[in-house]
Structures are given as C-alpha cells and as structure tokens.
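Chains as they are written, first to last, in this note's numbering: chain A, 210 to 462; chain B, 210 to 462; chain C, 8 to 312; chain D, 8 to 312. C-beta: ideal position from N, C-alpha, C; glycine also. Notes follow the structure.
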Amino acid sequence: MSECTPSELMVAVAARELKDHDTVLVGVGIPNLAANLAKKLQAPNLVMVYESGAVGSNPTRMPLSIGDPCLVTGAKSVCSMYEQFAYYLQGGRIDVGFLGGAQIDKYGNINSTVIGSYKTPKVRLPGSGGACDIASNVKKIIVITPHEKRRFVEKVDFLTSPGFVDGKEKWKLLKLQGGGPYAVITNLCTMKFDDVTGEMMVASLHPGVTIEKVWENTPWKVNVAAKLEQTPPPTEREISALRALDPSKTYLG
Amino acid sequence: MSECTPSELMVAVAARELKDHDTVLVGVGIPNLAANLAKKLQAPNLVMVYESGAVGSNPTRMPLSIGDPCLVTGAKSVCSMYEQFAYYLQGGRIDVGFLGGAQIDKYGNINSTVIGSYKTPKVRLPGSGGACDIASNVKKIIVITPHEKRRFVEKVDFLTSPGFVDGKEKWKLLKLQGGGPYAVITNLCTMKFDDVTGEMMVASLHPGVTIEKVWENTPWKVNVAAKLEQTPPPTEREISALRALDPSKTYLG
Amino acid sequence: MSTGKLTTMKEAVSKYVKDGDEIYLAGFTHMIPFAAGHEIMRQKRKNLTLCRATPDIIYDQMIAAGCCKKLMFSYAGNPGVGSLRCFRRALEKGVPNKIEIDEYSHFGLSGRLFAGATNMHFLPMRTNIGSDLPPQNPNLKTVKDPYTGDEVSVVPPLKPDVAVVHVQRCDSNGNSHIWGIIGEQKDAAFAARKVIISAEEIVEESVIRSDPNRTLIPDFVVHAVVHEPWACHPSYVQGYYDRDNEFYMQWDEITKEHDSTMKYLDEWVFGVENRQQYMKKIQQEKINKLLPKPCMSAPVSYGSV
Amino acid sequence: MSTGKLTTMKEAVSKYVKDGDEIYLAGFTHMIPFAAGHEIMRQKRKNLTLCRATPDIIYDQMIAAGCCKKLMFSYAGNPGVGSLRCFRRALEKGVPNKIEIDEYSHFGLSGRLFAGATNMHFLPMRTNIGSDLPPQNPNLKTVKDPYTGDEVSVVPPLKPDVAVVHVQRCDSNGNSHIWGIIGEQKDAAFAARKVIISAEEIVEESVIRSDPNRTLIPDFVVHAVVHEPWACHPSYVQGYYDRDNEFYMQWDEITKEHDSTMKYLDEWVFGVENRQQYMKKIQQEKINKLLPKPCMSAPVSYGSV
C-alpha cells in the first residue's frame, strides 16, 4: 500500500464507486477530486454536472467553487439554475450525487441546516443548497466524511436531505425517484445500507482498521454486513493520479 | 376618404386600437399588417411578440408564417416555445392579441376547431394553436373578420378560445387573467362588448354602412351601443403607409 | 475527429423507431426533420403515434403513407397556407386509415413536453378553462391551487419513445448548437427515451465548447447522430437555407386527392434511397434561391484566468 | 446611440428601491450585483426582504449594515470558504438586529422564482418530501397528483418588488446578452415588478440583434439601465474579470466581529461615493490578476433570404 493521508484514502475509495458513462453531480473539493480521479482511471466517459448549470466542464485549474468561471470556459453545455435542477436532477438523469453534512444518522439522513432546534439554533449551518434535491433524485447518494463521533448520530437534529428517513419500508411510501443512500465512505471504512431495513452497516474495512475501531468512533453499535470485506489499498497509480489533481494539497492535506 | 378595399379598411381601423409601448402578440397576414401599420404611425415603440418565440422582430420582407426566418434575423430576442407561452403570455405581459376563426358568437367565443360535432366533424379545422392560450391571457382580444353570416353565430359549434363564455358574470368566476374580448373589427363596423352582460354590440359604423346592413349580415339582431359612433374614414397617410407594407397585395387584395 | 455516435439515417431509424412507437419529430416551423420522416415512411413503420404542436407537411405525408394510428397536435394546418388535407381525409373519411386524435392548445402540448423533459408529476397552466377541449380530452384535468383555492388546469408529462431533432451543428457525440426559432427541440430531446439528432454540420467538439450556452442538447441524452445536410427541406434551417414556401403552397394542390398524394410520395419518398438522392432531384436554381447571405453573431468571450 | 433608460446606480436605487421592499439581487456565484447592494446600503434602506438562493457576501454585508428584516435563501454560506458570519450573528444573536428567515432548497427557491417569472399558480417539484423543512415553512405545501394520486411537493410563485440583474452587455434600453453561468438572471427579471440592469458594456442595439438567442432579457421588462463596469467585484463576470477568491477568504477574517465588519463597510461602502471610487481603491496589480485572456465563441449565422 502507498503511504497516503486519510483524505487521499477516502477520495481513492470513493472514485472506485464511479462507472464509465455515469453522470455525476459534483461539488467542489473532495467530491470533485473523486470524480476527476475516476475520469482519469476507469471512467473516461464520466459526465460531470455541476449545480451551477455547467455540464462536461474541462477546467484547466482546480475550481474554487461550483460557480467558478473555469468550469464554464470550454464546458460542453451551460444552462440556468432552474433548468439544471429540472432537466438534469428532477429529470432523473443523474446517477451519482456526493453529499456531506454536519450530521448523518443510521438511515443515511443528513443534516446541513442546524445544530440544536430550528427556531433557536445552537449552530446555524448553511442549509440545504441543492442537497435535499440531490438526495431526492439521484440513483446513488455517496457520502464522504471523516469518521467522527460528532458527525455520526442516531438521529439527526434536523433532516435536511432524506436518506431512508425512518427505514426502508416507510421510505418506499414516500415514492422519491432517487435510489437513496448507497455508500458512506470514511477514513476508517465503507458503509452501505441494508436492503431490507435501510440501516447503515459496515461493508468494508480500510487497510489496518478493525471493526472495533469503527465502533469506538461511532456513537451506536453500527451493524456489520454478512460478508465484511477488506478495502483494497490505494494503488500507486491511484495515488499518483490523485496527487497530480491537487498538487498544492488544497483538499488532500 | 381614400378609396380602399375592405381588407385595407379593417387593417387601418384595427391599427388604431394599438397604443405606443403596447405589447402585441402578432399572427401573420392581416394582424401583422395592423401591428406594423400602428408602429409606422402612432405606436413607434410597439413591442411585437410572435408565438414562435421571436420578440422585437425587424423583418425586411413580409413574413409568410409566424415561424418565418426573417422574423429571427435581427430580432431583439428569441426563446423556446414553452418559454414564449410561459414567460410572455402566461406571464401577463401581452396587452393585445389578435384572433380569427371560423365562427364567433355573441359573447366573443371563437371556434377554430370543428364545424359539426367534435367526434364526427363536418369540417375539421386546424384547432386552437395558441388561440385558446392567447384568449385566456391577453388584456385585450381583438378579432378581425369579414362580416359574413356563416362566421357570426349565436353559439359556436365548439368553443376553442373563450370570450365571455356564457356572459360576463359567469366569466368572472372562471378567473382568467386576461381581459376578454375587446373589439371585433369587420368590413362593416367595429363591435365592442357590454360591460355588464359581456354581449357583443355595434360600437361604430364604418363609412357608408348603416346599422341595417350590419343586421342583414348578422344572424341575430346584434345590440347597438348607447352612443353609436361613426368610424373616421382611413386617411391618405394610413392607406399609403399600409400599401407600402404589402406592395404585392398578398393580404390586401 | 472521433466517429462517436455517427451513423446513417437508415441505420438510426432501423435501430430506434419501432412499429407502435410514440414519436416526436421536433420543430416549430423551423428545422422540421423531413429526412427522418421520409426514412420512417420508406421503412414502412405502422401504428405510430405522431406528436407535434404543428404537424406540418411531414406528418401529413406520413398519414397519407399509412404510418399513423394517432395524431397528437395543437394546430393541424399548413402554416401560412390552409388545411392539411391528408390529415382531414384520414380523420373525416378514414383514407388510407382511420386515425385517432389527441388534441391540445399550443401551450398545453408544449407544456406536456416541458413537463416530460423535466419529469414533473404534472404542470399547472393558465389555459383551457372555459374551453370545450377539456371535456373531449381526459388528459386535461384540474387541480385546486392550495394557495388560493382556484381550480387550475393541468397537463400530464409527455415522454415519447423517440424524438428526432435536427440541429445546425453538433459534434460526433451529439452536443448540439441550435439557434433561431428553438421551438421544443430541447424539450423533445430531454423528454424522449431515444434521441436521434440530424445535423447540417458535424463540427469538432472544440467548436461546441467555444460557446456552451448555445448547447441546448448535451451528448449524453443522444443515441444516434446523422450528418444530413438539407434534412429539413422544404422546411428551413436558419443561416443555412430558407423555407421553400412555394412547395408549401404546392402541397395544397398535390394533396387534393389521395392518389395524387401517393404519386408525389412514390416519386419523392419511395422513389429515392436517401436525402442525397432527394436533393439531387431538386433543380440547382431552386436551391440557390433558398441560400441566405451570412449574417453573423457578434462573438463573446468565455475567458477565465 | 439613444440614451434610452440609462441612468446612474444612485438614481436607479433612489427611484426603484423602497424601505420594506422584497428585493432580489440575482446571480449564482456569477455576476452578483455588488455595486447595487452597496448603493442600497449607502441610501440606508431598511426592513428589506433580501432574496437569493445563495446570499453570498453582499447580503452578509447588507445584514451587517442593518438593511435586512428577512432573508429568503437556500444556502447561507460563503461559497468555497465557510459560514456567513454576519448572517449568523443576526440570526443567533440579533446583531445588529434580529432577522427572520424564509428557507428553501436550491430547487425550491429557484422554482419559486421560475413560477413567479412565468406567473404559475404553483409549481410541483420532486423535492422536500421526507425533509424536516416543510413543517418549518408554511409556503411548502403538497397537492395530490390527479394522474397518480401521489402527494407532490409544491411551491408558490415569488414576485419580488425589485430585481437587480448584472449583465455582460446590453443596449441602452436594456436588451441584455448574458452568458456563462446564467443562474436565475432571466427569472429574476421576469418575476420582479421593477427591474434594474447594470452592465459591463452598453452596446449598440445592432450588437444585441446580431444574436437574439443570447438575449435573455428583453427591454420591455426593464426599468433602468446602469453602465457600471466592475459592478460585481469581488464576484466575477465571465470573459471580463475573474472572482477575487482572496477577498472571499478574507471576508471570513473581516467579519469575525461586528465592529471589524463595520470598519470594512465604513471604508469600502460608506466611505466611497460610487463604484468608480471603490475600484480606484483597489491596486492595479490586483485588478490585472483578475483579467482573463479572451476565449471567443465561434460565431453563427442568422441569415435569411
């Protein structure tokens, strides 16, 4: 295994989840790196779509926001904000959406709105942005997050973006067109979701990590998949391609 | 009075109904001539909008359809079909719409769908096109039509585009945002609509026309406005400007 | 240049258009895809539901050729001329076969396609109220506005099996620049399950990427790309050739009888193999008259640091 | 060239922005109208409802300056950096005054504006279901889909009193060419009762008419036109100047305290008379770094016979 930082590990593992010809709704930072890494490796025909309306961007430098002008210069297509959400996201044309947030719970629900109560916030966070829309409409939600106790909670303070809500049976009644949460990738492991209950479970342990270490860093005793796998370590090829994408280590520090 | 054809008379009279800065939804032929005549005379800032999405067209020849390429070359703006109907028409931004049809009744309802019954048509006409949408949303509907008994009927075979439907009281309950029918301009007279009942009434007789002649050519005894006016005859200026717009007499024959 | 999704119209129609399909040949007067329509007729597709706001001459031809089971439309006229006689003959007399109709206003039908393209449950719109059309068409329903209590007309999304969209220029994967009257081209491409693009010009991807706001259709919704110059004659392509208005007027004469219509189709559709042969039959003099002088857009800069 | 609706930002704000108004300074990262925001602050407008999906630094400044009664938004962050500290200070601590919030997702708020621009009764959308936001916002309702019986989330139209939209180029009457990230610029202009356009360049009408598909805003919806180069700094204008990312990062530092924020505003907003003076205070070296190389669009022909 190549020596790598926890961020590099998460990005390398996340990139593997993307298939050639997938359409991905990309945010800046870590998800952008994962998408670009996949494009350099197994998914040369990955379609990158940004909330800002840019499609098929070809940036010559690292974009600093999803509205960065370098995402427009030489893009394949750019449309308005309502059109982006309506034609692409509501249109059911996005395979994978990356999300993050301050809290995530065992059903993959995400909170990026408020810590404490909505009316009297302890900490007011930025809010949904496109997150609730992405969560409701993409085929696979992938969450990349450091594995910290304050981020993993049994129940989010505020449900900004639906995962399986109260469990998969009830979730089906809501008839969201999206496929719901697919994977949560941390610096310790990859978690997926039980087909029947919709509960998070550890699917694969990253190199050198034990299930006990995952439990230590999760506030509830998270389930384990029937067949617990070992995450193949990042290859030289993955790491060197990744570092070339962020030479100044803005996101991979 | 200048010598003029019935078509020239109708166009000249219709053009007078347009004010400077009005937005007009223009069809080809007669309405196009009326709008262009008004623009040359009292309404230099008339905004001409076409169903095809063209706005502020500047055609160098007579357009042969509302989708004619000459309406696009040098236009101010062009948008998609849904956008044209949604932003302009539904947006409540059109002051005047010109309509025609096979039949018009005493409440200004228009039939451009079928003579006979819908399921077993005697004559199948083209259908609404944008007519129902225009009738429902413009502030003033103006109808230009030859005064013929087969065109004026007490009740249309099929209501394609709403006038005052069954009368103004009931029409108000439908809450259309448009202002309803405003004027019907024929080769004999200009008819307007009773404020209370919404019924058609003769408002102004064209030069040399008697009310009896109007009644002879209308299948019901159409009402007469409290103050019946005389249409001022077309001026030399109107007629010469008009003829310059259609030198080959395609529509003014 | 990569060959991407490039194919012939013959192949594209053979692969993507099936008997019984609901198809949308896009265009509001502008860029009506005649070449695709003719190829569908040559391949003798049957029981099609033909959808477009303005059926135009091409659907009149397809009705005469017996391809059509149902017409979905909002204005069944010959724009600027009068009736569509083949449509009327089928509807009024069952020649060559009875057809069903599914009728809307322009706003209603373009709204159905927009709702399909953006995958809405339904689309509320300010029209149809007071008209006699809703009682004839069960797709036109009303919903109570939860904010005002008013009854609002709504239409359901339309998602055709196949759309054919003609464009001025695209790359070999189907990233398409369209300008002039853009009608329902974008909505048709996003609403349909399969999309065939025909184009006046196939250009390098760099040309497309030089003006991304002009790209109304991105490649990944496109299944086949056909390089087909003059695909739209007698309709037109802004900046490339004008509408053949003479032919639109002649069509009224040609279609006076079903026999005279079939004679025309035998010569100009079934009697040729493809669009190239069709164009060879048209006199150069006539073609020259349809060629516009260039009238170029002022360029803009997309530069970033 | 006709002077049309040309005026100064001072005049335009004075005439069209009133205390208590609901205003929409448009832009999704791109072309945020800072010049208009600063002028509104200088004219000490109060009790404004500030609407935009991404409030960005300009609304953070206006909140600190005490102009804001309510913030309507969907993402109250400093894009690419972190929090909007003035927003949080007002919401969490009432400094300089308590503000109300009216919150949506991006799709929800851009949908409200689209519904306002196109005057819909309400807009159905696939979002909000399952989220905790609808119970907090009475504007988010559901309607039963008459075709499937499903419960569908809907939003009401948004029609602000005033919109300010910055554009790359327009004529003196406000016919505007916009490219790059076009965000909700068109929808803001069509939804609002009064529209102020600021522009990098005022061009002859013939430039606009050379490319009508690029005209997202037609003159007759526009009330005032202001020629205001660099109106968007520290935001950006595609093809004209890049985003001043350094400043976006500095803002986090500047706003650590209310006092330090006010010190910035005293110097850069209240301490200058207009945008020209603001720009004079910025070092030429910094400005040069923001200037992109041209990257021109391939032109198209709009010719007709």
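Handout entry: Helix, strand or coil at Gly-388 of chain B [DSSP, three-state]
Key = coil
Exercise for the section: Verify whether the separation of the beta carbon atoms of Ser-205 of chain D and His-240 of chain D is less than 8 angstroms. Expected result: no
Practice task
Report yes or no: is there a C-beta of chain D within less than 8 angstroms of the C-beta of Ser-261 of chain A?
Solution key: yes
Exercise for the section: Tell me where the alpha helix (DSSP H) around Ile-224 of chain C begins and ends. Expected result: Taken as a continuous stretch (DSSP letters only), Ile-224 of chain C belongs to no alpha helix (DSSP H), being part of the beta strand (DSSP E) at 222–224.
Problem - Listed by chain order, chain D residues near Asn-267 of chain B by CB distance under 8 angstroms - result: Arg-216
Problem - Arg-314 of chain D versus His-113 of chain D: straight-line alpha-carbon distance, rounded - result: Because chain D here runs from 8 to 312, residue 314 of chain D falls outside it and cannot be looked at.
Practice task
Give every residue of the same chain whose Cβ lies closer than 8 angstroms to the Cβ of Asn-422 of chain A, excluding the five residues on either side of it in the sequence, and list them in chain order.
Solution key: For the record, residue 422 of chain A in the displayed sequence is Lys; it is not Asn. Here the set comprises Leu-397.
Problem - Whole-Å CB distance - Ala-450 of chain A paired with Leu-246 of chain A, under 8 angstroms assumed - result: 6 angstroms
Exercise for the section: For Pro-131 of chain C, collect the residues of the same chain with a Cβ closer than 6 angstroms to its Cβ; drop the 5 residues on either side in sequence, then sort them by chain order. Expected result: Val-159, Val-161
Practice task
Starting from Asn-432 of chain A, follow its DSSP beta bridges and name the residues at the other end.
Solution key: A:Met-410
Handout entry: Exposure of Asp-63 of chain D, with buried meaning 16 or more beta-carbon neighbours within 10 Å
Key = buried
Practice task
Go ahead and pull the three-state DSSP assignment for Pro-215 of chain B.
Solution key: helix
Handout entry: is_contact[Gly-295 of chain A, chain C] using C-beta, thresh 8 angstroms
Key = According to the sequence shown, residue 295 of chain A is Ala rather than Gly. Judged by the 8 angstroms Cβ criterion, Ala-295 of chain A is in contact with chain C.
Exercise for the section: Drop a sphere of 10 angstroms on the beta-carbon of Gln-312 of chain B, count the other beta-carbons inside from all chains shown, and report buried for 16 or more, exposed for fewer. Expected result: buried
Problem - Expected contact under 8 angstroms - CB spacing of Met-361 of chain D and Leu-57 of chain D to nearest Å - result: Residue numbering for chain D in the displayed model covers 8 to 312; residue 361 of chain D lies beyond these limits and cannot be assessed.
Practice task
Starting from the C-beta of Leu-218 of chain B, find all residues in its chain whose C-beta is less than 7 angstroms away, skip the five residues before and the five after it, and write them out in chain order.
Solution key: Asn-396, His-415, Pro-443
Practice task
Have a look at Glu-378 of chain A and Val-405 of chain A and give me their C-alpha separation to the nearest angstrom.
Solution key: 8 angstroms
Practice task
Could you spell out the range, first to last residue, of the alpha helix (DSSP H) harbouring Cys-93 of chain C?
Solution key: 92–100
Problem - For Gln-251 of chain A, the nearest candidate out of A:Arg-225, A:Thr-354, A:Met-257, A:Gly-262 (CA to CA) - result: A:Arg-225
Problem - Sequence-distant residues of the same chain with beta carbon closer than 7 angstroms to Phe-367 of chain B, five excluded per side - result: Asn-320, Thr-322, Val-323, Tyr-327
Handout entry: Burial state of Arg-282 of chain C, where buried means 16 or more other Cβ atoms lie within 10 Å
Key = buried
Problem - Residues, ordered as in the chain, of the segment 118–139 of chain D that lie near chain C by beta-carbon distance below 8 angstroms - result: Asn-126, Met-127, His-128, Phe-129, Leu-130, Pro-131, Met-132, Arg-133
Practice task
Please report how far the alpha carbon of Cys-213 of chain A lies from the alpha carbon of Pro-355 of chain A, in whole angstroms.
Solution key: 15 angstroms
Problem - Which of helix, strand or coil DSSP assigns to Phe-5 of chain D - result: Since the first residue of chain D shown is 8 and the last is 312, residue 5 of chain D is not available in this structure.
Problem - Cβ-based contacts, 9 angstroms cut-off: residues of the segment 277–288 of chain B near chain D - result: Asp-277, Pro-278, Cys-279, Leu-280, Val-281, Thr-282, Gly-283, Ala-284, Lys-285, Ser-286, Val-287, Cys-288
Exercise for the section: Consider the Cβ of Ser-311 of chain D: report whether some Cβ of chain B lies at a distance smaller than 8 angstroms. Expected result: yes
Exercise for the section: Quick one: using the 10 Å Cβ neighbour count with 16 as the cut-off for buried, is Met-127 of chain D buried or exposed? Expected result: buried
Handout entry: Partners in chain A for Arg-250 of chain D, counting only beta-carbon separations shorter than 9 angstroms
Key = Leu-273, Ser-274, Gly-276, Asp-277, Pro-278
Problem - Range of the contiguous alpha helix (DSSP H) that encloses Ser-457 of chain A - result: Segment: none, Ser-457 of chain A is in no alpha helix (DSSP H) and carries neither H nor E.
Problem - C-beta neighbour in chain A for Pro-103 of chain C, strict 8 angstroms - result: no
Exercise for the section: Kindly identify the DSSP beta-bridge partner or partners of Gln-257 of chain D. Expected result: Answer is none; Gln-257 of chain D lacks a bridge partner.
Handout entry: Nearest neighbour of Lys-430 of chain A, chosen from A:Lys-458, A:Gly-376, A:Met-409, A:Gly-372 [CA to CA]
Key = A:Met-409
Exercise for the section: Say whether chain D places a C-beta atom closer than 8 angstroms to the C-beta of Val-174 of chain C. Expected result: no
Problem - Sequence-distant residues of its chain with Cβ nearer than 6 angstroms to Thr-15 of chain D (five each side left out) - result: none
Problem - Ala-170 of chain D and Tyr-82 of chain D closer than 8 angstroms at C-beta - result: no
Problem - Cβ-Cβ separation, Val-258 of chain A to Val-235 of chain A (assumed contact under 8 angstroms), whole Å - result: 7 angstroms
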